[in-house]
Amino acid sequence: MMFDLVIVGGDVALPGRDPQRMTVAINDGKVAALLSPAEAVEAKRTFDVSGLLVLPGVLDVHLHLGHGKDIARPREKADAATETAAAAVGGVTTFIPYLMATEPFEEIFEDVRAVTEAGARIDFGYHFIISTEQQLAGVPAYASDYGAPSFKIFMNNRGGEGKRLGLPDIDDGFLFRLCQLSARNGGMVCPHPENIEVAWQLRKTVMEADPKGAGGLASWNATRPPFVEADAVQRAGLFARNTGSPLYIVHTSSAQALDAARIAREMGTQIYIETCPHYLTHDVGWSGREIGKINPPLREASDREALWQGIGSGLIDTVATDHVHRDMSSKAGDIWAASPGCPGLETLLPIMLSEGFHKRGVPIRRLVELLSERPARIMGLGNRKGMIAPGYDADLAIVDLNATTKVANADVISSAGYSIYDGWSLTGKVVHTLLRGEPVFENGSLVDAAVGRGRYLHRRLQ
836 MMFDLVIVGG DVALPGRDPQ RMTVAINDGK VAALLSPAEA VEAKRTFDVS GLLVLPGVLD
896 VHLHLGHGKD IARPREKADA ATETAAAAVG GVTTFIPYLM ATEPFEEIFE DVRAVTEAGA
956 RIDFGYHFII STEQQLAGVP AYASDYGAPS FKIFMNNRGG EGKRLGLPDI DDGFLFRLCQ
1016 LSARNGGMVC PHPENIEVAW QLRKTVMEAD PKGAGGLASW NATRPPFVEA DAVQRAGLFA
1076 RNTGSPLYIV HTSSAQALDA ARIAREMGTQ IYIETCPHYL THDVGWSGRE IGKINPPLRE
1136 ASDREALWQG IGSGLIDTVA TDHVHRDMSS KAGDIWAASP GCPGLETLLP IMLSEGFHKR
1196 GVPIRRLVEL LSERPARIMG LGNRKGMIAP GYDADLAIVD LNATTKVANA DVISSAGYSI
1256 YDGWSLTGKV VHTLLRGEPV FENGSLVDAA VGRGRYLHRR LQ
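Here you go:
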């Protein structure tokens, strides 16, 4: 049989197995066969990746794709082109941003989809952030007709807290109704978990004691401590269990929140747990101060260790970036004035290879599960993304596992223009990224022809 492309010489990471030497054969953008290296094969093109590790492309299922400092939605082709370039450099071949609006999504979705496809170098989906009665009424159609069955809700948007994002207030009744609709329509709820009423009381006390923010990241953490996060996880888990809705807990940052999610799972809630690289690598002792203002906050070193334990034990399902591409000017002022969030698309896979595999001995098969297999399966793409297997899209991240690179703000592709890993030396470098068998990042350089190659993915939860 004649194949379009064969990838030879590399060690290939197959589902649930340690990497082994194999030939990956590709036809029509999909994996057609996995062959022994000794097997004779005919192909139109041969790609020799000797000495490299072939991974399934990473799926980043939590990020914000906006325009300038606005993280609500992309407005022009360049927004998608720039951030998907950053993704491709980091071995990410599919991402799912959160779409934020007060209009019903049926009024804006086709425009957002067209703008994103015009610039996208990688495939993408969207989660819809549900904040209004009209959006709530649209949930059945969003799940079925739009292929967007995962719904974000900001549990902290109360008492005007959502004004910073241009969103109205909601309450527990709204969350409960979203869980009901999700359960009835094949959806899943993705709550931002914080008890904001308690956070207000703590913020008042902390700001009175530290009005100029001299305490930096420790002061920010003190205003929204782990139990504030854990309380909301517990509450969301209770609503999900009593309605039958799956729950995907985003950006788990603390041992208390992780424990609350574990307990909910043990009680029968269908709950998935995500954490982010920054919670695995940074804590309140970091000297970055305002640059490290994130919501939920960076926590104590003990929380970081608890999250790594959750990765080792299998408790945590996914690692995603919560990428925010506002530039450094958004961090101006003290800890109270700086905008929360940080970029992370370019460093997601390199950080997990360097900090996870090399420093902590996390097996490659576990990293593949966290970054590719589980996010694909949980988010309704498990029949085509996340694995190197016949019939799956030939989305590949090909890495030099032992190459060392130094992160520098000057090299950042994202419009954020900075990285919280500036100055870090990382072991594990993405050399090539392929989307459906075609290079989007090759030999360390972006492929210009890949702009516009990405396609919107209609998802259905399994």
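Going by the numbering used here, the sequence shown opens with residue 836, and the numbers climb by one from there.
Where a beta carbon is used, it is the ideal one built from N, C-alpha and C, also for glycine.
Supposed close pair residue i, residue j - CB separation, criterion 8 Å
i: Tyr977; j: Phe940; result: 6 Å
i: Phe838; j: Ala867; result: 6 Å
i: Arg1295; j: Pro984; result: 7 Å
i: Val893; j: Leu1184; result: 5 Å
i: Gly1179; j: His1193; result: The pair is not a contact, with the Cβ atoms about 19 Å apart (cut-off 8 Å).
i: Asp1169; j: Glu1125; result: 7 Å
i: Ile861; j: Ala1229; result: 4 Å
i: Val847; j: Val876; result: Contact flag wrong, Cβ pair sits at about 14 Å.
i: Leu1006; j: Asn1030; result: What sits at residue 1006 in the sequence shown is Asp, not Leu. With 8 Å as the limit, Asp1006 and Asn1030 do not qualify as a contact, their Cβ atoms being about 12 Å apart.
i: Ala1034; j: Gly1072; result: The pair is not a contact, with the Cβ atoms about 19 Å apart (cut-off 8 Å).
i: Asn1027; j: Met990; result: Strictly speaking, residue 1027 in this sequence is His, with Asn absent from that position. Indeed, because the Cβ distance is near 6 Å, the residues count as touching under 8 Å.
Residue i to residue j span [Cα, whole Å]
i: Lys1128; j: Val896; result: 21 Å
i: Asp1246; j: Asp1257; result: 10 Å
i: Phe986; j: Ala878; result: 43 Å
i: Val1234; j: Gly845; result: 10 Å
i: Gln855; j: Phe944; result: 43 Å
i: Asp1004; j: Ile988; result: 11 Å
i: Ala864; j: Gly982; result: A small correction: the amino acid at residue 864 is Gly; Ala does not occupy that position in the sequence shown. Taking the straight line from one Cα to the other gives about 22 Å.
i: Ala915; j: Pro909; result: 7 Å
i: Arg1019; j: Pro1046; result: 48 Å
i: Thr1104; j: Glu942; result: 34 Å
i: Val884; j: Ile842; result: 7 Å
i: Phe1276; j: Ala1285; result: 9 Å
i: Pro1061; j: Leu840; result: 49 Å
i: Ile1199; j: Gly997; result: 40 Å
i: Ala1099; j: Ala1243; result: 41 Å
i: Asn1218; j: Thr1058; result: 42 Å
i: Thr967; j: Val859; result: 47 Å
i: Ser1122; j: Trp1055; result: 14 Å
i: Ser1164; j: Glu938; result: 29 Å
i: Pro891; j: Ile931; result: 17 Å
i: Val1282; j: Gly1263; result: 21 Å
i: Gln776; j: Val1266; result: Any question about residue 776 goes unanswered here, given that the chain covers just 836 to 1297.
Residue i vs residue j beta-carbon contact at 7 Å
i: Glu1204; j: Val924; result: no
i: Thr1239; j: Ser1254; result: no
i: Asp1013; j: Val1024; result: What sits at residue 1013 in the sequence shown is Leu, not Asp. Cβ distance < 7 Å, so Leu1013 and Val1024 count as in contact.
i: Leu849; j: Ile1248; result: no
i: Val974; j: Leu1016; result: yes
i: His1160; j: Ser1250; result: yes
i: Gly1221; j: Ser1207; result: yes
i: Ala1232; j: Gly926; result: yes
i: Gly1145; j: Leu1093; result: yes
i: Val1119; j: Leu1142; result: no
i: Leu1270; j: Ile957; result: yes
i: Lys912; j: Gly954; result: yes
i: Ile1213; j: Tyr1107; result: yes
DSSP-derived helix/strand/coil call for residue i
i: Leu870; result: strand
i: Val1197; result: coil
i: Asp914; result: helix
i: Val896; result: strand
i: Lys865; result: strand
i: Leu1013; result: helix
i: Gln969; result: helix
i: Leu934; result: strand
i: Ser1280; result: strand
i: Ile988; result: strand
i: Met1102; result: coil
i: Arg948; result: helix
i: Lys1039; result: helix
i: Thr919; result: helix
i: His1113; result: helix
i: Met837; result: strand
i: Tyr1253; result: coil
Per DSSP, cross-strand counterpart(s) of residue i
i: Pro1178; result: Looking at the DSSP assignment, Pro1178 forms no beta bridge with any residue, so it has no partner.
i: Ser1260; result: Lys1241
i: Ile1108; result: Ile1084
i: Val1265; result: Val1234
i: Pro1026; result: Ile988
i: Leu890; result: Ala1232
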